[in-house]
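K.L.:
First, the structure itself, so that you have it in front of you.
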């Protein structure tokens, strides 16, 4: 699953959104790079995958869709290869985009969840359900 084998088809609107959300991209890049596996590839490859994931996170669809992947399982395999420490932290198998943003909130100590536990939250199906 090397970066050379991945051809991300990011929607053009994603690049336009970066103009107004560059700080957000920087935060996502720092999160991803901080959890990257150095053995997964070169620094340039890790940076390329991290940038693609960060930019795709600005999209409106599921992250796997915004990356142009065929399924969530492909995204999970990508995350396992490049960012295994994040996969380990996603113990409930939260949807990836929600999980990444939740990690940013946790880092910033901004806890805005509707309930103290995901298990009792009314939004649980939005965060953990199937992605189609």
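Numbering (the numbering used here), first residue to last: 368 to 499.
Yeah, the Cβ is synthetic: ideal placement off N, Cα and C, and Gly gets one too.
Predicted model, so just to flag it, every value in this text is computed and none were measured.
1. Take the Cβ of residue 386 as the centre, count every other Cβ of all protein chains shown within 10 Å, and call the residue buried at 16 or more, exposed below.
2. Which word fits residue 475, buried or exposed, when buried means at least 16 other C-beta atoms lie within 10 angstroms of its C-beta?
3. Span of the alpha helix (DSSP H) holding residue 379?
4. Any contact of the stretch 392-403 with the stretch 435-442, i.e. 3+ C-beta pairs under 8 Å?
5. Classify residue 429: buried if its beta carbon has 16 or more other beta carbons within 10 angstroms, exposed otherwise.
P.N.:
Based on what the coordinates show:
1. With fewer than 16 Cβ atoms within 10 Å of its Cβ, residue 386 is classed as exposed.
2. Looking at its Cβ environment, which holds fewer than 16 other Cβ atoms inside 10 Å, residue 475 is exposed.
3. DSSP places residue 379 inside the alpha helix (DSSP H), whose first and last residues are 379-385.
4. In short, these stretches do not touch, since the Cβ pair count stays below three.
5. Buried: at least 16 other Cβ atoms inside 10 Å.
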